[in-house]
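Reading through the structure tokens given below for one structure.
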Amino acid sequence: MNICMIGTGYVGLVTGACFAELGYKVTCVDNDPRKIGMLKIGEMPIYEPGLEKLVRKNVAAKRLFFSMSIADAIQNADFAFIAVGTPPRSDGSADLSYVENVAREIATHMKKYLVIVEKSTVPVETCEWVKKTVTKFNRKKVPFDVVSNPEFLREGTAVHDFSKPDRVIVGVESERAKKAMARLYAPLRCPIVFTDTKSAEIIKHASNSFLATKISYINSVARICEKVGANVEQVAQGMGFDPRIGRSFLNAGCGFGGFCFPKDLEAFLWISKKLGADFEMLESVKKVNEEQMIHFVRKIEESLWIVSGKTVGILGLAFKPHTDDMRFAPSIDIIRMLQERGAKIQAYDPISMPNAKKVLQNVALKDSIYEAARGADALVIVTEWPQFKKMDLKKIKKLLTHPTIVDGRNLFDPEAMKKLGFHYASVGRKPV
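Each step along the sequence shown adds one to the number in numbering that gives the first Met the number 0, with nothing skipped, and position 307 is 306.
In structure tokens:
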């Protein structure tokens with residue numbers, strides 16, 4: 000089977016490379032000449048563990064190709080995946096102009112029956128609009144189906160998530176498309192949940208909004224724990240043993256970020272309001288997350304007393320570990336608030352420094368954990384990179400002007416930090 004993958008962002012590039020690994024012939028298309036140029040010489044435009052090796056392997060095997068032409072890539076395609084960006088507008092709705100443009104090009108150039116797969120995260124009813132658009136510009140009346148196939152790839156583990164999925168969601172409106180998608184995903188040997196297209200589209204937004212809700216919930220619980228001197232980690236552990244609740248995403252911290260949760264939450268809110276079914280709970284989830292970053296900055300203030308003129312070392316800039324993605328990263332807002340209070344910022348992240356330079360101003364980017372700590376009045380942990388948990392705390396103590404760590408990801412045990420002589424503040428636990 001031949002696949003045309005339109006869009007080489009996190010979703011399109013990972014999905015295309017992984018389909019090639021399954022033995023399919025895949026052509027990834029993008030209108031960005033820089034990206035295509037990089038990929039043709041084996042360089043990655045994004046950081047994702049395992050992706051570079053996978054791309055190079057399948058290019059060498061002549062299963063994976065890159066092009067700037069939808070017209071060329073679609074000639075012999077059995078599937079055309081739309082994996083282009085759907086950036087948020089100022090009102091929270093998704094900008095679907097890229098999806099529409101691609102749908103028009105597909106309609107113009109397809110030659111034989113084609114399964115058009117909407118892979119981008121889109122609001123409910125988008126498949127209907129794609130179908131209308133393709134029908135309108137399909138001058139040769141080539142038969143086609145439009146399918147919703149939302150992605151559930153987590154940045155940092157995306158290759159694994161594709162290869163070992165807990166389920167694949169496929170929204171279809173015809174038996175022909177259902178059989179084609181079943182054949183496509185058969186090698187993964189995982190549950191395939193077939194629904195109608197609207198249900199599949201809602202599943203994506205509903206899933207991410209629910210996970211965001213769990214994070215805001217435990218962060219709200221953490222604030223209660225701080226008031227009474229309880230330990231939110233013990234609370235989360237006790238809750239997590241209940242199979243109806245589960246332990247995942249019950250990790251208190253300084254707030255969630257990234258391109259998926261904030262964007263999908265806003266989009267689902269916008270959809271619900273548009274349909275006259277206001278989802279007030281999600282308004283609270285959004286508010287709690289925004290307030291959590293403010294609450295975390297107050298912790299830093301409480302640890303330093305006066306922030307103005309102080310130097311704060313920041314560990315972790317990407318929105319999560321194992322990625323270089325700075326989109327909606329909590330570090331951006333936390334650093335901005337500290338700078339507004341007069342702090343000087345020096346920071347380190349293992350991977351995202353090049354992208355951080357594009358979005359952060361007046362921040363001294365350092366080459367290591369220890370350089371970020373050197374001369375700082377406090378060290379602040381924003382992203383839970385595993386190497387931060389393994390850092391030499393005795394060395395860190397000597398490098399800091401004052402032995403103060405404010406931990407937004409609860410990496411360390413408070414009593415152990417107290418014994419080492421640190422003033423240590425974390426989330427949902429008593430400071431020591």
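Just so it is clear, CB atoms sit at the ideal spot from N, CA and C, and this is done for glycine as well.
How far does the alpha helix (DSSP H) with residue i in it reach, from first residue to last?
i: G15; result: Y9 to E20
i: D71; result: I69 to A72
i: K388; result: P385 to K388
i: M43; result: No alpha helix (DSSP H) contains M43, which DSSP labels as neither H nor E.
i: G237; result: V231 to G239
i: T212; result: T196 to V227
i: P320; result: From DSSP, P320 is part of no alpha helix (DSSP H); its letter is neither H nor E.
i: C126; result: T125 to F136
Could you tell me whether the Cβ atoms of residue i and residue j are closer together than 8 Å?
i: V141; j: M109; result: yes
i: G49; j: V158; result: yes
i: E47; j: V25; result: no
i: C3; j: F65; result: no
i: F248; j: L210; result: yes
i: V123; j: K213; result: no
i: V167; j: I191; result: yes
i: E200; j: C126; result: yes
i: S68; j: V114; result: no
i: T400; j: A363; result: no
i: Q386; j: P349; result: yes
i: L316; j: A355; result: yes
i: R326; j: G252; result: no
i: G420; j: A372; result: no
i: A106; j: V133; result: yes
i: I334; j: L314; result: no
Run through the DSSP bridge pairs and tell me what residue i is partnered with.
i: V362; result: I344
i: G312; result: Q345 and L378
i: T403; result: H422
i: T26; result: C3 and F64
i: I191; result: V167
i: F78; result: I2 and V114
i: A93; result: P87
By a C-beta neighbour count over all protein chains shown, 10 Å radius and 16 as the cutoff for buried, is residue i buried or exposed?
i: W304; result: exposed
i: Q236; result: exposed
i: I5; result: buried
i: P275; result: Residue 275 is actually Gly in this sequence, not Pro. Counting Cβ neighbours within 10 Å, G275 comes out exposed, since fewer than 16 surround it.
i: D165; result: exposed
i: S367; result: exposed
i: F240; result: exposed
i: V227; result: exposed
i: S351; result: buried
Kindly indicate which residue of the options has the alpha-carbon position closest to the one of residue i.
i: A346; options: G257, G245 and Y369; result: Y369
i: F136; options: E104, Y112 and S162; result: E104
i: P149; options: D406, G170, T156 and F143; result: G170
i: G36; options: G11, G15 and T7; result: T7
i: R408; options: L183, P402 and Y423; result: Y423
i: S307; options: K285, H294 and I344; result: I344
i: P353; options: D323, L337 and I380; result: D323
i: F151; options: E300, S208, R88 and K397; result: S208
i: D160; options: A185, D332 and C189; result: C189
i: K130; options: S92, G155 and A102; result: A102
Terminal residues of the continuous beta strand (DSSP E) containing residue i?
i: Y112; result: Here Y112 belongs to no beta strand (DSSP E), and DSSP marks it neither H nor E.
i: A424; result: H422 to A424
i: L268; result: First-last for L268: F260 to K273, but that is the alpha helix (DSSP H), not the beta strand (DSSP E).
i: S147; result: F143 to S147
i: F411; result: It is not in any beta strand (DSSP E) - F411 carries neither H nor E in the DSSP assignment.
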